[in-house]
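Just so we're on the same page, this note's numbering is the position in the sequence shown counted from 1, plus 6. No residue lacks a Cβ here, since even glycine has one placed at the ideal position from N, Cα and C. Structure record follows, encoded as structure tokens.
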Amino acid sequence: MLEPLPGNIPFHSILNHLDVPVIAVDDARLVVYATPGAEQLFGFGPGAMHGAELDSILPDAELADGGETQTLTTDGQPLTAACNVIRTDGEVVGHLLTLHPDPDEDRIRNTRPYRILSEHMEAVFNASSDGIWLTDGHGVVLNINSASENLNSIGADEVVGRPVADLVKTGIIDRSATLEVLKKKRRVSVLQKVTRTGRQLVVTGTPTFDESGNIRLVVLNERDITDLNELRTTLAQTRKAKEKAEAELTGLSLMELKKGHVVAESPAMRKAMATAQKLAQFETSEILLMGDSGTGKGLLAKFIHDTSPRRGKPFIQVNCATLPETLFEAELFGYEKGAFTGASEQGKSGLFELASGGTFFLDEVGEIPLDMQAKLLNCLDDHEYYPLGASKPKRMECIIVAATNRDLEAQVRKGAFRRDLLYRLNTFTVHIPPLRKRPEDVFELINHYLKQFNAAFRTSKRIGPAGMKLLQSHPFPGNVRELIGIIKKAVVICEDDLLDEYLKNSFDNNEEAAMETGTLPEEVARLERRMLSQAMEACSNTREMAGFLGISQPTVVRKMQRHKLTNS
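Structure follows, in structure tokens:
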């Protein structure tokens, strides 16, 4: 019988609150008390163990005096027991056995902490953007995560339970980091090519060891470097082409390129620049620049001027699409005082006169009215012109550079452009390729304008390999102007420093908009509004928008009013 503690607190009440089973025996090895946990452990009902012989329950138990622990068994299950002496008035009256059953694996798995930990580990395993493989010490696959399934274009059921050597043999993977780890017994990194997709991976295998120093598990980490390698290849090709093309350009022209913010990394653009530079050195007139809208014809015209002997003289530029027909002649040739109603009393110098000694750039020359084409042709033939109201001609003292995004041969066939003027203007023709055919320039243009807009808006936005690849694969129907608008909008609107996801969503939304269907008038209106919006992003005013879209400025204004667009 266990005596109460001071204060009449029953001793067994304290024992019942312990987390482990406890048995109290007297000096005759008879059970005087067992906690409910002990009764449950040995299969006894409440109070049924009282008076039982300890040897019938734990025959191997030793009742030592020093509190030593011992390993016992019950029904074949191991448990650890600690024995402590019970004394009354200094005399040993019994012993207290505290029992610690060894943990059962199934019981552990069913505990809430184990389940939570298991769920967390599973979440981490499958949330990783890198591929992960687990293999045992013999190279047999235990598990792979979902990222690895996507990277390798395989299902876990194809590889789990199979030796990695078998996967190499059957061609699922071209080599195995696991086999290298098992051979070298240390961490190993290898380059691996995915057979089914052709993607390139960096695979790092890390071993874990048991108490004997044998490899127990190998953990593989896979990282996709395909995009990075493609960018490196593109850069290497660009550098090679750049070095070759730079040999064709003088140091002066290279300096002018940088000063004029002209990007020419592609072989096609370098060829155009080399031709333009040669024409500039000879002060050649009647140069026709041909290319899509937004390809940089204006920059190339300025480059020709800045690398010519006339670089210190005026450079006058006019967009022919933005000049009203009624004022075309007056703007180009000027007028004398009183030449027409509303004319200035002092008269006005025309653009030809303002360009005297320098370069006159006629942008969108295909938009010149037919009646004005004859007068322009006479000016180019005779090197003189008559201002409105003048009785004497003035000498034309400038180089003429013209540009168009139209097919002038087709315009001639339609009767919208004079053939003799075309022959006169295209004495020397420089073709500027569209941006979709200059992927090397896209990379440099992105970096150039990203740096420019980061400085302008005091941001530190960047574009990663995925975003760069997306931009380089975009056709850019609006060419450089469209690219500028895309980068500027991304820098201003995107909240994240990395622009890749914003660019992807932006292109996805554009594709969805393009897939919308409706009646022909609805589709035309939708396309018109979208092109106007693109022009607004790329241009700073309606004059630039007219050149971008290939229509007159009044037409731009009317269409913006129709679609309720404001150029802010």
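*Beta carbon of A409, beta carbon of L295: below 7 Å?*
For this step, residue 409 is matched to residue 403 along the sequence shown. For this step, residue 295 is matched to residue 289 along the sequence shown. Taking 7 Å as the Cβ cut-off, A409 and L295 qualify as a contacting pair.
*asked:* At 3 residues or longer, what runs of the beta strand (DSSP E) sit wholly inside the region 324-370?
replied: 365-369
_T561, DSSP secondary structure in three states_ = Taking the sequence shown and counting its residues from 1, the one referred to as residue 561 is at position 555. In this structure, T561 counts as helix in the three-state DSSP scheme.
*asked:* Check this for me: beta carbons of T1 and L223, under 7 Å apart or not?
replied: No answer is possible for residue 1: the residues shown for the chain start at 7 and end at 574.
_Spatial neighbours of M261 within its chain, please: C-beta separation below 8 Å, excluding the five flanking residues on both sides._
Working through the sequence shown from its first residue, we reach residue 261 at position 255. Unreliable positioning characterises M261 in this predicted model, as indicated by a pLDDT of 47, which lies under 50. A coordinate reading is not provided.
*Please work out which residues of its chain come closer than 7 Å, Cβ to Cβ, to V196, disregarding the five sequence neighbours upstream and downstream, and give them in chain order.*
Counting from 1 along the sequence shown, the entry for residue 196 is found at position 190. Contacts found: R181, A183, E186 and V209.
*With V170 as the anchor, note down where its beta strand (DSSP E) starts and where it stops.*
Mapped onto the sequence shown, residue 170 falls at position 164. That residue, V170, is in no beta strand (DSSP E); its alpha helix (DSSP H) goes V170 to K175.
*If we ignore side chains and look at the alpha-carbon of each, how far apart do I293 and E415 end up?*
As a first step, residue 293 is located in the sequence shown; it is residue number 287 there, counting from the start. As a first step, residue 415 is located in the sequence shown; it is residue number 409 there, counting from the start. Each residue's alpha carbon lies about 16 Å from the other.
*What did DSSP end up calling I492 once you bin it into helix, strand or coil?*
One-based indexing of the sequence shown puts residue 492 at position 486. In this structure, I492 counts as helix in the three-state DSSP scheme.
*Give me the Cα-Cα distance between A270 and V407, rounded to the nearest whole angstrom.*
Start at 1 with the first residue of the sequence shown, and residue 270 comes out as number 264. Start at 1 with the first residue of the sequence shown, and residue 407 comes out as number 401. Straight-line Cα distance between these residues: approximately 20 Å.
*Measure from the alpha carbon of T290 to the alpha carbon of each residue in Q198, L305 and I310, then state which is nearest.*
The residue labelled residue 290 in the question sits at position 284 within the sequence shown. Among Q198, L305 and I310, the Cα nearest to that of T290 belongs to I310.
*Would you report the Cα separation of T572 and A462, rounded to the nearest angstrom?*
By 1-based counting over the sequence shown, the position of residue 572 is 566. By 1-based counting over the sequence shown, the position of residue 462 is 456. Cα-Cα distance, rounded: 23 Å.
*asked:* By the DSSP assignment, the beta strand (DSSP E) with I63 in it spans what residues?
replied: Numbered from its first residue, the sequence shown carries residue 63 at position 57. Note, I63: premise wrong, no beta strand (DSSP E); alpha helix (DSSP H) at L60 to I63.
*In angstroms with no decimal places, state the Cα-to-Cα distance between T79 and A44.*
Working through the sequence shown from its first residue, we reach residue 79 at position 73. Working through the sequence shown from its first residue, we reach residue 44 at position 38. A direct Cα-to-Cα measurement between T79 and A44 gives close to 14 Å.
*Compute the beta-carbon to beta-carbon distance between S466 and C404, rounded to the nearest angstrom, for a pair I have assumed lies under 8 Å.*
On the sequence shown, residue 466 is found 460 positions in, with the first residue counted as 1. On the sequence shown, residue 404 is found 398 positions in, with the first residue counted as 1. Contact doesn't hold; Cβ gap of about 45 Å is too wide.
*asked:* Under 8 Å: do the region 130-137 and the region 62-77 share three or more Cβ pairs, one atom per stretch?
replied: no
*T301 lies in the alpha helix (DSSP H); which residues open and close that run?*
In the sequence shown, counting from the first residue as 1, residue 301 sits at position 295. Per DSSP, T301 belongs to no alpha helix (DSSP H) and is neither H nor E.
*Quick one: measure Cβ to Cβ for Q478 and P445, integer angstroms, because I've assumed they're closer than 8 Å.*
Taking the sequence shown and counting its residues from 1, one reaches residue 478 at position 472. Taking the sequence shown and counting its residues from 1, one reaches residue 445 at position 439. About 5 Å separates the two Cβ atoms, so the contact holds.
_Please classify P330 as buried or exposed, where buried requires at least 16 neighbouring CB atoms within 10 angstroms._
Along the sequence shown, one-based indexing puts residue 330 at 324. Label assigned to P330: exposed.
*Output the residue ranges of the alpha helix (DSSP H) runs that lie fully inside the region 164-223 and measure 4 residues or longer, sorted by chain position.*
170-175 and 183-190
_CA-to-CA distance, H480 to E488, given in whole angstroms_ = For this step, residue 488 is matched to residue 482 along the sequence shown. For this step, residue 480 is matched to residue 474 along the sequence shown. Approximately 11 Å between the Cα atoms of the pair.
*Pick from K494, N156, L188 and D142: whose alpha carbon is nearest that of V166?*
In the sequence shown, counting from the first residue as 1, residue 166 sits at position 160. Cα-wise, what sits closest to V166 is D142.
_Extent of the continuous alpha helix (DSSP H) run through R276_ = In the sequence shown, residue 276 corresponds to position 270, counting from 1. Where R276 is concerned, the enclosing alpha helix (DSSP H) stretches over P273 to Q287.
*Would you mind stating whether A552 and T328 have Cβ atoms separated by less than 7 Å?*
Here the question's residue 552 lines up with position 546 in the sequence shown. Here the question's residue 328 lines up with position 322 in the sequence shown. With contacts defined by Cβ atoms closer than 7 Å, A552 and T328 form a contacting pair.
*When the distance is taken between beta carbons, is G100 closer than 7 Å to V31?*
Reading the sequence shown from its first residue, position 25 is the one you call residue 31. Reading the sequence shown from its first residue, position 94 is the one you call residue 100. With contacts defined as CB atoms closer than 7 Å, V31 and G100 qualify as a contacting pair.
*asked:* Please report the distance separating the alpha-carbon of T332 from that of V562.
replied: By one-based count along the sequence shown, residue 332 stands at place 326. By one-based count along the sequence shown, residue 562 stands at place 556. Roughly 18 Å between the two C-alpha positions.
*Using 10 angstroms around the beta-carbon of D503, count the other beta-carbons present and answer buried if the total reaches 16, otherwise exposed.*
For the purposes of this step, residue 503 is taken as residue 497 along the sequence shown, with counting starting at 1. Classification for D503: exposed.
*Just mark Y429 as buried or exposed, buried being the case when its beta carbon has 16 or more other beta carbons within 10 Å.*
The residue you call residue 429 lines up with position 423 of the sequence shown. By the Cβ-count criterion, Y429 is exposed, with fewer than 16 other Cβ atoms from all chains shown falling within 10 Å of its own Cβ.
*asked:* So for I20, helix, strand or coil by DSSP?
replied: Against the sequence shown, residue 20 aligns to sequence position 14. Helix.
*Where does R425 fall in DSSP's three states?*
As a first step, residue 425 must be located in the sequence shown, where it is residue number 419. Here R425 sits in helix by DSSP.
*Going straight from the alpha carbon of M279 to that of G304, what length do you get?*
Walking along the sequence shown from the start, residue 279 turns up at place 273. Walking along the sequence shown from the start, residue 304 turns up at place 298. Answer to the nearest angstrom: the Cα atoms are 13 Å apart.
*Simplified DSSP assignment, three categories, for E292*: Position 286 of the sequence shown, counted from the first residue, corresponds to residue 292. Coil.
*Since L509 contacts L476 with CB under 8 Å, what's their CB separation in whole angstroms?*
As a first step, residue 509 is located in the sequence shown; it is residue number 503 there, counting from the start. As a first step, residue 476 is located in the sequence shown; it is residue number 470 there, counting from the start. Between the beta-carbon of L509 and that of L476 there is about 6 Å, and that keeps the pair under the 8 Å contact cut.
*Leaving aside the five residues before and after L383 along the sequence, list all residues of the same chain whose C-beta is less than 8 Å from its C-beta, in chain order.*
As a working note, residue 383 is residue 377 in the sequence shown. So the list reads R424, D426, L427 and R430, once near-sequence residues are dropped.
_Our contact map puts L105 next to P27 with C-beta atoms below 8 Å; I'd like the distance itself, whole angstroms only._
The residue given as residue 105 occupies position 99 in the sequence shown. The residue given as residue 27 occupies position 21 in the sequence shown. Indeed, because the Cβ distance is near 4 Å, the residues count as touching under 8 Å.
*Would you tell me roughly how many angstroms separate the C-alpha atoms of L24 and V130, rounded to the nearest one?*
Translated into positions along the sequence shown, residue 24 becomes position 18. Translated into positions along the sequence shown, residue 130 becomes position 124. Going from the Cα of L24 to the Cα of V130 covers about 37 Å.
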